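Going by full-length UniProt numbering, 102 is the number at position 102 of the sequence shown; the sequence numbering is gapless.
The structure appears right after this line, and notes come after that.
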Amino acid sequence: MGARVRQAWRSAAGVALLALSVSLSAQAQWKIGQTVGLSGAVAATVAETRQGAMLWIEAVNRQGGVQGQPIELISLDDRFEVPQAVANARQLIDQGVLALFLNRGTPHTQALMPLLSEARIPLIAPSTGAMVLHQPVHPWLFNVRATYQREAERAITHLTQIGVRRIGLVQVDDSFGEDAVQGALKGLKAAGLSAVSHQRYDRSKPDFSALIPALVKAEPQAVMFIGSGTAVVDAMKALRAAGSRAQMVTLSNNASAGFVKLLGEQARGVIVSQVFPSERSIAVPMVKEAQALAKAKGLTLTPAMLEGFAAAKVLVEGLRRAGRIPTRQSLADALNGLQRLDLGGLELGFSQADHSGLDYVDLSIIAEDGRFQR
C-alpha cells in the first residue's frame, strides 16, 4: 500500500470514527419524556413535583451526568386531559425518549399503559397511587409512591380511632376516585361503620351546587375529599360556606403549597395524607439532601417536591445501571434488578413480580402558617 493510499485510508477512517463518535454522543444525551398538567386543575402541585425532580437531575448533571452525558427532561403540557396525555406520549416516544417519567393522573396513566407495551418503553414514577397500576404488575410501569387505597384507609382509621363516627365521602367520578374510595370503604367497614353520605362529581365539569347541601344534611363530623387540585378546593370552600364545621381530609395528591394557597383561610386544620416523610425531617438523609438543594435555589421544600425528588433518584439509579449506552430495554432490566435501593432513609425494591416501590404512608395537618405538620 503506497504512502498516499495509506494516508487517504487513515483520513477516511478518522472521519468515520469522528462521525461515529458524534453519533454516539448525540444518542447518549439521555432524553426523558414527561406529559403532565403544567396548566389546568393540577398545575400548582405539578409545578412543585417537577421542581423536586429537577433538584436531583440538575445536581447529577452538574457532576457530569450519567455515563458522562446530561439528562434532559422534556415536559409537555397535557392540561390534565387524557386524550392530550396520550398524544403527548406518542410524540415523546416518536422523538426517541428513553423513558416516560412522573406523569400525573390515574385515567391518564391507564390510557398510557397500552403505549408502554407497544413501544416497549418504561414509565417511571407515575404521580398516582391507583391500585390498578400495581396489580397486576405491568412489565413497563414502575411505581415509586404508595397506593391511594393505603392512604385513604389510613386516614379513615385515624378518624375512627379518635372517636369520629359520622364520616362523609366526596369523590371524583373517574377511575382514580373509584380506586381510592375502596380504601376509605375498607377503613369504615373495619370500624363497623358506613358513610353517612357518599357523593360523586364529574371530573371535567365539577358542580357542587346540589352535592354540598346533600352532604351537609347528613351532618358529617368529617368529610374525605377524593379528587385533585381546584375541584377539591372548590368543594371544601363550598362546605364551609354552607356552615359545616366538619373535619376535612384529602389525599397526598393535594399535598402542595399551591393547594394550600388556593384554599386560603380554609386550609387550617385540613388533614392531608402523605407518602413520604416530613419535608422538615432532617433526620432522614434524603430529606436533608433535598432541603439543601432546594435552599440553594431559594426554594422551600414541600411534600410534592419530595415526591419528585425521590422519583428522580430512582430514574437516575436506573440509568446508571443500564449500561454504557442505555436503551429502553436495558433501563427496564436495570430497574427490575433494583434490590433494597436506599434512597436516603427509604428503601425501595423492584423485581419482575413487584413494581410497587415504596409503601410509606403518614398523616399531616395544615397548620396556621400553611405548613404540613405531622
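Glycine included, every Cβ here is placed at the ideal spot set by N, Cα and C.
This structure is a prediction, so every number in the text was calculated from the model and none was measured.
DSSP, reduced to helix, strand and coil, places Gly168 within a strand of the structure shown. Contact annotation, Gly357 with Asn143: C-beta distance approximately 5 angstroms; criterion of less than 8 angstroms satisfied. For the 8 angstroms CB-CB criterion, Leu263 and Met224 do not form a contact. Taking all protein chains in view, the Cβ of Asp179 is crowded by 16 or more other Cβ atoms within 10 Å, so the residue is classified as buried. Phe80 sits away from Gln34, with the two beta carbons spaced by 8 angstroms or more.
Listed in chain order, the beta strand (DSSP E) runs fully inside the stretch 81 to 168 are 99 to 101, counting runs of at least 3 residues.
Closest in C-alpha terms to Gly227, from the list Gln199, Ala210, Pro213 and Ser330, comes Gln199. The stretch 22 to 69 contains, as complete beta strand (DSSP E) runs of 3+ residues, the segments 30 to 36 (chain order).
Met286 has no beta-bridge partner at all, per DSSP.
Glu279 sits in coil when the DSSP states are folded into three classes, being neither helix nor strand. Within the same chain, and ignoring the five residues on either side of Gln91 in sequence, the residues whose Cβ sits closer than 8 angstroms to its Cβ are Leu76. Between the stretch 269 to 278 and the stretch 363 to 370 there are three or more inter-stretch CB-CB distances shorter than 8 angstroms, so the stretches are counted as touching. For Gly298 and Ala292, the gap between their C-alpha atoms comes out near 10 angstroms. Thr300 is classed as exposed because its beta carbon has fewer than 16 other beta carbons within 10 Å across all chains shown.
Here Arg320 is exposed: its Cβ has fewer than 16 other Cβ atoms, across all protein chains shown, within 10 Å. Judged by beta-carbon spacing, Ile57 lies within the 8 angstroms limit of Ile71, meaning their Cβ atoms are closer than that value. Exclusion of the five residues before and after Gly349 leaves Leu338, Gln339, Arg340 and Leu341 as the residues of its chain whose Cβ lies within less than 7 angstroms of its Cβ. The C-beta of Asp202 has fewer than 16 other C-beta atoms within 10 Å across all chains shown, which makes the residue exposed. Excluding sequence positions up to five before and after Val314, its CB lies within less than 8 angstroms of the CB of Ile124, Ala125, Phe142, Val144, Leu335, Leu338, Leu341, Leu343, Leu348 and Gly357, all in the same chain and listed in chain order. A Cβ-Cβ contact shorter than 8 angstroms links Leu239 with Ala246.
Within a 10 Å sphere around the beta-carbon of Glu48 sit 16 or more other beta-carbons, which makes this residue buried. Check the Cα spacing between Arg154 and each of Gln373, Phe372, Asp359 and Asp369: the tightest is with Asp359. Between Thr45 and Phe259, the C-beta spacing is below 8 angstroms. Our two residues, Ala294 and Gly52, have alpha carbons roughly 8 angstroms apart in a direct line. Straight-line measurement puts the Cα of Thr106 at about 25 angstroms from the Cα of Glu317. The Cβ atoms of Pro122 and Ala99 sit closer than 8 angstroms to each other. Residue state for Gln339 is assigned as coil, using DSSP reduced to three classes. DSSP places Gln199 in the strand class (E or B) of the three-state scheme.
Ala353 counts as exposed, since fewer than 16 other beta carbons sit within 10 angstroms of its beta carbon. Looking from the CA of Met248, the closest CA among Gln221, Arg150 and Val132 belongs to Gln221. Using a 10 angstroms sphere on the CB of Ile282, the tally of other CB atoms stays under 16, which defines it as exposed.
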